[in-house]
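Chains H and E, in that order, give the protein sequences.
Residues 0 to 280, numbered by numbering that gives the first Met the number 0, are exactly what the first sequence covers, in order.
Residues 0 to 280, numbered by numbering that gives the first Met the number 0, are exactly what the second sequence covers, in order.
One structure is given here, and the rest of the page talks about it.
Number of protein chains: 2
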Amino acid sequence: METLAAALARTRARIEAALRAALTPPGEPSALDQALAHAVMGGGKRVRPCLTLLCAEACGGGTGEGADALRAALAIELLHCYTLVHDDLPAMDNDAERRGQPSVWAKFGEDLAILAGDRLQAMAFANLADCRRAPALLGPFAQAACEVVDGQVADLATAKQPPAAWDEGTLYGIYTLKTAALIRAACQLGAIAADAPAPAQEALAAYGREVGLAFQFVDDLLDADQAAREEGLNAIRVLGGDAVRRLAERHTQAALDALGALPDGAPTLRAFAQSLLTRLA
Amino acid sequence: METLAAALARTRARIEAALRAALTPPGEPSALDQALAHAVMGGGKRVRPCLTLLCAEACGGGTGEGADALRAALAIELLHCYTLVHDDLPAMDNDAERRGQPSVWAKFGEDLAILAGDRLQAMAFANLADCRRAPALLGPFAQAACEVVDGQVADLATAKQPPAAWDEGTLYGIYTLKTAALIRAACQLGAIAADAPAPAQEALAAYGREVGLAFQFVDDLLDADQAAREEGLNAIRVLGGDAVRRLAERHTQAALDALGALPDGAPTLRAFAQSLLTRLA
Numbered sequence: 000m001e002t003l004a005a006a007l008a009r010t011r012a013r014i015e016a017a018l019r020a021a022l023t024p025p026g027e028p029s030a031l032d033q034a035l036a037h038a039v040m041g042g043g044k045r046v047r048p049c050l051t052l053l054c055a056e057a058c059g060g061g062t063g064e065g066a067d068a069l070r071a072a073l074a075i076e077l078l079h080c081y082t083l084v085h086d087d088l089p090a091m092d093n094d095a096e097r098r099g100q101p102s103v104w105a106k107f108g109e110d111l112a113i114l115a116g117d118r119l120q121a122m123a124f125a126n127l128a129d130c131r132r133a134p135a136l137l138g139p140f141a142q143a144a145c146e147v148v149d150g151q152v153a154d155l156a157t158a159k160q161p162p163a164a165w166d167e168g169t170l171y172g173i174y175t176l177k178t179a180a181l182i183r184a185a186c187q188l189g190a191i192a193a194d195a196p197a198p199a200q201e202a203l204a205a206y207g208r209e210v211g212l213a214f215q216f217v218d219d220l221l222d223a224d225q226a227a228r229e230e231g232l233n234a235i236r237v238l239g240g241d242a243v244r245r246l247a248e249r250h251t252q253a254a255l256d257a258l259g260a261l262p263d264g265a266p267t268l269r270a271f272a273q274s275l276l277t278r279l280a
Numbered sequence: 000m001e002t003l004a005a006a007l008a009r010t011r012a013r014i015e016a017a018l019r020a021a022l023t024p025p026g027e028p029s030a031l032d033q034a035l036a037h038a039v040m041g042g043g044k045r046v047r048p049c050l051t052l053l054c055a056e057a058c059g060g061g062t063g064e065g066a067d068a069l070r071a072a073l074a075i076e077l078l079h080c081y082t083l084v085h086d087d088l089p090a091m092d093n094d095a096e097r098r099g100q101p102s103v104w105a106k107f108g109e110d111l112a113i114l115a116g117d118r119l120q121a122m123a124f125a126n127l128a129d130c131r132r133a134p135a136l137l138g139p140f141a142q143a144a145c146e147v148v149d150g151q152v153a154d155l156a157t158a159k160q161p162p163a164a165w166d167e168g169t170l171y172g173i174y175t176l177k178t179a180a181l182i183r184a185a186c187q188l189g190a191i192a193a194d195a196p197a198p199a200q201e202a203l204a205a206y207g208r209e210v211g212l213a214f215q216f217v218d219d220l221l222d223a224d225q226a227a228r229e230e231g232l233n234a235i236r237v238l239g240g241d242a243v244r245r246l247a248e249r250h251t252q253a254a255l256d257a258l259g260a261l262p263d264g265a266p267t268l269r270a271f272a273q274s275l276l277t278r279l280a
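Listed below in C-alpha cells is the structure:
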C-alpha cells in the first residue's frame, strides 16, 4: 500500500503543477499576475487540496487532468490563498511576512493585495464553472466561502475583547468557521466530485470538520510558546495545554470514527488523521 | 405598453425586496450584518439587476420569487456592491463618503469593510448555487467577477501614469473591463435564466456590453466639470467632449442594433438604451 507520505507527495505534485498552469499568463506577466503568483506559489503544504484529491480517491473517483476533483481542489486552494492575502493586510493582522517572504501587500502594495485577493476568490469559483458536477459543488463551496469570512470577523472581534471574556464556546465558534469550514468543504467536494453516495459525502464532510478542528488544536499546541508571548486568541490561553491536547485527541478520534461509513475504511485518510497527533510527539 | 419608467420602478421594487430579505438576519444583526446592509441597502439605482430582469422578460422568461432570473439579478447586484466597498477603501480610491453617507470603511473600520466586501462576493456566488441553470450561469458570472478586478487594476495603474500616456486604447481597455463586463453579464445572465436560445443570449450580451460603454461615456460627460478639476482617468480629459459624445451615440446605436436579433425588438430594452442619451439633453 502507498504510504501517507507518498500519497501526500503525489497529490501535492499534481496540485502544484495545476496551480502553476493556472497562474502562468500566456505573455509577459502583469503586476497583478505577479501578485497572484506570489500569493499562491509561495510554498504552502497544500493540505486542503490534497485532502480533496484523497477523499475523491477514497470514493473511487478519478483525480486526473480535467477531473472535477482536480478543479475542486484548485478552487479550495485559491480560496485559501485569498484569505491569507487579505488576513495579512495592515488593517487586519498586519503581517509583512509570510513563510519567510514579504506578504503580498508588503511586496506589491495594499491596493494590489486587496485586488489580488478579490481576483483569487473569483478564480476559485471560476474553476467550479468548468466542472461536470458544478451544481452540486457550488453550494457547499459558497457556504464555506461565507463561513471563512464569518470566522475571521469573529476572530477580530474576539481579539478586541479582554481575554477574560474568552471561553470554550467562543473558541469553537471561531475555529469551526475559520479553520474547519474550509477543510470540511475540501473533503466534501472530493466526495461530490467522485459521485459518492450521500452517506459517504456526509461521512467525509464530518471527517473534514473533525480533522480541521484537530489540526487547529495541534497548531495551537505547537505554537504554545509563541501564544504565551502574544495577544491573539489561542486555545492554550483559554483552556490550558492539557485540555487542548485532550480536544485534539477527541477530534482526531471523531475523524477516524467518521471513516467507518466508507467501504474500506479509507486507510490513507485514516493515516492522515493519525498523523496530526504524531506532530505533537 | 408599460413605460420604461414603470418597468424600471417595478423591477427595482422587486430587487429591493429580495435584497432586504437576503440581508436581514433572523436575530439581532451583528456588526458584519450591519456593514453588509449598509453596503447594499444604501439606495443605488439597481440598473444592473433591473437589466437582468428586463432581459429575462424580453426572452419570455419568468422573474418571480424563486426564478433563476431574480437570483441571478441579486448575484449581479451583490457583486457590484462588493466592488464599491473595496474601491472606496483608503488604499484604493480613499472615499469616505458614498451617496451622501459614510462609506463602509469610514463607518465600520477598514478591517470590517475588507471582510464585508469578501462576504458579498461569496454571497453573490451563493445565490447562483440555488439556480436551476447554475452550470450555465456560473461561467459568464465568474468571468465578469475576474474582469471587474482586472479593470480596477488597470484603472489604478493608469492613474499613476502621466496623463500624456493615456489614449483611446487604454480607456477602452479599462471601461470594457471595469464597467461594461458586469453590465454585459447582467444582460447575458437574464437571457440564460430565461432559457433563451443561443443567438438571443449572444445578442443580449452584446447589448449589455454596448449599453455599458455608452453608460460610462455618458457618465463622463455628465461629470465633465468635475473631471477638469480632478486627477483621475476620464474620457473627457483623453479625447475631449465632442469625441466622447460621438462615442456615447455610437455605442447606444450598437446596443439598439443588437436588439434586432430578438423576436419583437425588445421595446423596453430599446427604450432603456435610448434613455442614456436623453440624460445628456
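Note that the Cβ used here is the ideal one computed from N, Cα and C, for glycine as well.
As the structure is a computational prediction, the values presented were derived from the model and not from experiment.
Use the C-beta contact count for residue i: other C-beta atoms within 10 angstroms, 16 or more gives buried, fewer gives exposed.
{"i": "D154 of chain H", "result": "buried"}
{"i": "Q100 of chain H", "result": "exposed"}
{"i": "L221 of chain H", "result": "exposed"}
{"i": "P25 of chain H", "result": "exposed"}
{"i": "L69 of chain H", "result": "buried"}
{"i": "L279 of chain H", "result": "exposed"}
{"i": "Q151 of chain H", "result": "buried"}
{"i": "R19 of chain H", "result": "exposed"}
{"i": "Q160 of chain E", "result": "exposed"}
{"i": "D263 of chain E", "result": "exposed"}
{"i": "P162 of chain E", "result": "exposed"}
{"i": "E56 of chain H", "result": "buried"}
{"i": "E27 of chain E", "result": "exposed"}
{"i": "G282 of chain E", "result": "Missing from the structure shown is residue 282 of chain E; chain E here goes from 0 to 280 and no further."}
{"i": "R245 of chain E", "result": "exposed"}
{"i": "A184 of chain E", "result": "buried"}
{"i": "A195 of chain H", "result": "buried"}
Taking Cβ positions, are residue i and residue j nearer each other than 8 Å?
{"i": "A71 of chain H", "j": "A179 of chain H", "result": "no"}
{"i": "A156 of chain E", "j": "A112 of chain H", "result": "no"}
{"i": "T251 of chain H", "j": "L275 of chain H", "result": "yes"}
{"i": "V243 of chain E", "j": "F216 of chain E", "result": "yes"}
{"i": "G137 of chain H", "j": "A144 of chain E", "result": "With the sequence shown as reference, residue 137 of chain H is identified as Leu, and Gly is not the correct amino acid for it. For L137 of chain H and A144 of chain E, no; Cβs fall outside 8 Å."}
{"i": "A270 of chain H", "j": "L88 of chain H", "result": "no"}
{"i": "L203 of chain H", "j": "C49 of chain H", "result": "no"}
{"i": "R45 of chain E", "j": "L181 of chain E", "result": "no"}
{"i": "A266 of chain E", "j": "M40 of chain E", "result": "Looking at the sequence provided, one finds Pro at residue 266 of chain E rather than Ala. No; because the gap between Cβ atoms is not below 8 Å, this pair is not in contact."}
{"i": "D281 of chain E", "j": "M91 of chain H", "result": "Residue 281 of chain E lies beyond the range of chain E shown here (0 to 280); nothing can be said about it."}
{"i": "A34 of chain H", "j": "L22 of chain H", "result": "no"}
{"i": "F125 of chain E", "j": "Q120 of chain H", "result": "Just to set this straight, residue 125 of chain E is Ala in the shown sequence, not Phe. No, the pair does not count as a contact, with Cβ atoms beyond the cut-off."}
Here's a check: name, in chain order, each residue in its chain whose Cβ is nearer than 8 Å to the Cβ of residue i, leaving out the five neighbours to either side.
{"i": "L52 of chain E", "result": "T10, R13, I14, T62, A68, L69, A72, G189"}
{"i": "L127 of chain H", "result": "R70, A71, A74, A133, L136, L137, F140"}
{"i": "E167 of chain E", "result": "V237, L238"}
{"i": "E96 of chain H", "result": "S102, A105"}
{"i": "V147 of chain E", "result": "L78, T82, L176, K177, A180, L181"}
Might you give, ordered along the chain, the residues of its own chain that have their beta carbon closer than 7 Å to the beta carbon of residue i, omitting 5 neighbours on each side?
{"i": "A223 of chain E", "result": "I235, G240"}
{"i": "D149 of chain E", "result": "L176"}
{"i": "G42 of chain H", "result": "R98"}
{"i": "G59 of chain E", "result": "A193"}
{"i": "Q200 of chain H", "result": "Q187, A190, I191"}
{"i": "A205 of chain H", "result": "A257"}
{"i": "P198 of chain E", "result": "A260"}
Go through its chain and collect everything with a Cβ distance to residue i's Cβ below 6 Å, but skip five positions before and after it.
{"i": "A38 of chain E", "result": "C80, V84, V103, A115"}
{"i": "A123 of chain H", "result": "A74, L77, L78"}
{"i": "W247 of chain E", "result": "Correcting the residue identity first, residue 247 of chain E is Ala in this sequence and not Trp. Closer than 6 Å at Cβ, skipping near neighbours: A213, F216, V217."}
{"i": "A272 of chain H", "result": "V210, T251, A254, L255"}
Within the present structure, is the beta-carbon of residue i separated from the nearest heavy atom of the ligand GDP by less than 7 Å?
{"i": "A193 of chain E", "result": "With respect to small molecules bound, the structure shown includes none, and the ligand GDP cannot be examined in it."}
**OP:** Determine, using beta-carbon pairs with one atom in the stretch 251 to 264 of chain H and one in the stretch 7 to 22 of chain E, whether at least three such pairs fall under 8 Å.
**Re:** In short, these stretches do not touch, since the Cβ pair count stays below three.
Original post:
Between the stretch 79 to 97 of chain H and chain E, which residues of the former have CB atoms less than 7 Å from a CB of the latter, in chain order?
Top reply: Those residues of the stretch 79 to 97 of chain H that come within reach of chain E (Cβ to Cβ, closer than 7 Å) are H85, L88, A90, M91.
Subject >> Sufficient close CB pairs (3 or more, under 8 Å) joining the stretch 209 to 219 of chain H to the stretch 75 to 90 of chain H >> reply: no
**OP:** With 8 Å as the C-beta to C-beta threshold (strictly closer), list the residues of the stretch 145 to 157 of chain E near chain H in chain order.
**Re:** C145, V148, D149, Q151, V152, L155, A156
Subject >> the stretch 114 to 133 of chain H: positions lying closer than 7 Å to chain E by Cβ >> reply: Residues L114, D117, R118, Q120, A121, M122, F124, A125, L127, A128, A133.
Original post:
So does the stretch 101 to 108 of chain H actually touch the stretch 162 to 182 of chain H, counting three or more Cβ pairs closer than 8 Å?
Top reply: no
Original post:
Taking any Cβ of chain H, which residues in the stretch 234 to 246 of chain E have a Cβ under 7 Å from it, in chain order?
Top reply: So the list is empty, because no residue satisfies the distance condition.
Subject >> Residues of the stretch 259 to 272 of chain E whose Cβ lies closer than 9 Å to any Cβ of chain H, in chain order >> reply: none
Subject >> chain H contacts from the stretch 65 to 79 of chain E (Cβ-Cβ distance under 8 Å) >> reply: Taking 8 Å as the upper bound on Cβ-Cβ separation, chain H lies near no residue of the stretch 65 to 79 of chain E.
**OP:** With 7 Å as the limit, tell me which residues of the stretch 96 to 110 of chain H have their beta carbon closer than that to any beta carbon of chain E; keep them in chain order.
**Re:** E109, D110
Subject >> Residues of the stretch 20 to 41 of chain E whose Cβ lies closer than 8 Å to any Cβ of chain H, in chain order >> reply: S29, A30, L31
Subject >> Residues from the stretch 39 to 64 of chain E in contact with chain H, defined by Cβ distance under 9 Å >> reply: none
Subject >> Short-range partners of chain H found in the stretch 188 to 217 of chain E, where Cβ spacing is below 7 Å >> reply: none
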